[in-house]
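To start, the structure itself, in structure tokens.
Numbering (the numbering used here), first residue to last: 65 to 229.
Here you go:
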């Protein structure tokens, strides 16, 4: 009986070189996709902060109509116009919301990013509805009337009623 040498080996699975190629491709894709994902997360946090400041401005107008003056974030919360997360100084979507002392005819609510890696800009909204921003490497509050006004739809210049004299 003759033994024939086996010319074909039965292979199961992948060779080492095939696995290394797949790992290299995944690494390249991750190196491209991860920075873009982080960029999109920063921009979505900024968009959420802008939307929140617009909502707070609307709430200030309602509070002003009820009380004849603008209120602090705490007062807005106590009136049922604002969620407690924003009034307590906690971080929401990478931003902390604070208000300066409201007067009968003006207020300033600041959205300050948690860190420089959270987002690119800090924001504020004032009594006329204008949302302003400062873009810097170091997070910090934007003072009343300071910063660059946003442009585009919903950027500001809304009409909050002035208190009755």
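Glycine residues also receive a C-beta, built at the ideal position from the N, C-alpha and C atoms.
Cβ-Cβ separation, residue 107 to residue 187 (assumed contact under 8 Å), whole Å: By 1-based counting over the chain shown, the position of residue 187 is 123. By 1-based counting over the chain shown, the position of residue 107 is 43. 13 Å between Cβ atoms; not a contact.
Alpha-carbon spacing of residue 123 relative to residue 185, whole angstroms: Position 59 of the chain shown, counted from the first residue, corresponds to residue 123. Position 121 of the chain shown, counted from the first residue, corresponds to residue 185. So the alpha carbons of these two residues sit roughly 23 Å apart.
Cα-Cα separation, residue 86 to residue 109: For this step, residue 86 is matched to residue 22 along the chain shown. For this step, residue 109 is matched to residue 45 along the chain shown. Rounded to whole angstroms, residue 86 to residue 109 spans 34 Å at the Cα level.
Cut-off 6 Å between Cβ atoms - residues of its own chain near residue 159, not counting five sequence neighbours on either side: Locating residue 159 in the chain shown gives position 95, counting from the first residue. Once the five neighbours on either side are set aside, the close Cβ partners of residue 159 are 113, 175 and 177.
With 16 other Cβ atoms within 10 Å as the buried cut-off, status of residue 135: On the chain shown, residue 135 is found 71 positions in, with the first residue counted as 1. Residue 135 should be labelled buried.
Through-space distance from residue 80 to residue 92, alpha-carbon basis: Here residue 92 refers to the residue found at position 28 when the chain shown is read from its first residue. Here residue 80 refers to the residue found at position 16 when the chain shown is read from its first residue. Their Cα atoms are separated by approximately 18 Å.
C-alpha distance - residue 147 paired with residue 193, whole-angstrom precision: Here residue 147 refers to the residue found at position 83 when the chain shown is read from its first residue. Here residue 193 refers to the residue found at position 129 when the chain shown is read from its first residue. Each residue's alpha carbon lies about 19 Å from the other.
Local conformation of residue 163 per DSSP, three classes: Locating residue 163 in the chain shown gives position 99, counting from the first residue. In this structure, residue 163 counts as strand in the three-state DSSP scheme.
Straight-line gap, residue 144 to residue 169 (C-alpha atoms, nearest Å): Looking up residue 144 in the chain shown gives position 80. Looking up residue 169 in the chain shown gives position 105. Answer to the nearest angstrom: the Cα atoms are 21 Å apart.
Residue range of the beta strand (DSSP E) that includes residue 175: Taking the chain shown and counting its residues from 1, the one referred to as residue 175 is at position 111. Residue 175 -> beta strand (DSSP E) spans 172 to 177.
Option nearest residue 163 by Cα separation, candidates 156, 202, 173 and 149: Taking the chain shown and counting its residues from 1, the one referred to as residue 163 is at position 99. If we check each option's Cα against that of residue 163, 173 comes out closest.
Alpha helix (DSSP H) segment containing residue 199, residue limits: Within the chain shown, the letter at position 135 stands for residue 199. Taken as a continuous stretch (DSSP letters only), residue 199 belongs to no alpha helix (DSSP H), being part of the beta strand (DSSP E) at 195 to 199.
Check whether residue 139 and residue 171 have beta carbons under 8 Å apart: Position 75 of the chain shown, counted from the start, is the residue given in the question as residue 139. Position 107 of the chain shown, counted from the start, is the residue given in the question as residue 171. Not closer than 8 Å, so no.
Residue 122 in three-state terms, based on DSSP: Along the chain shown, one-based indexing puts residue 122 at 58. Looking at residue 122 - three-state DSSP - the assignment turns out to be helix.
DSSP state of residue 87 mapped onto helix, strand, coil: Within the chain shown, residue 87 is the residue found at index 23, counting from 1. Three-state DSSP puts residue 87 in a helix.
Local Cβ density within 10 Å of residue 89, reported as buried at 16 or more and exposed below that: Here residue 89 corresponds to residue number 25 of the chain shown, with the count starting at 1. Per the 10 Å Cβ criterion, exposed.
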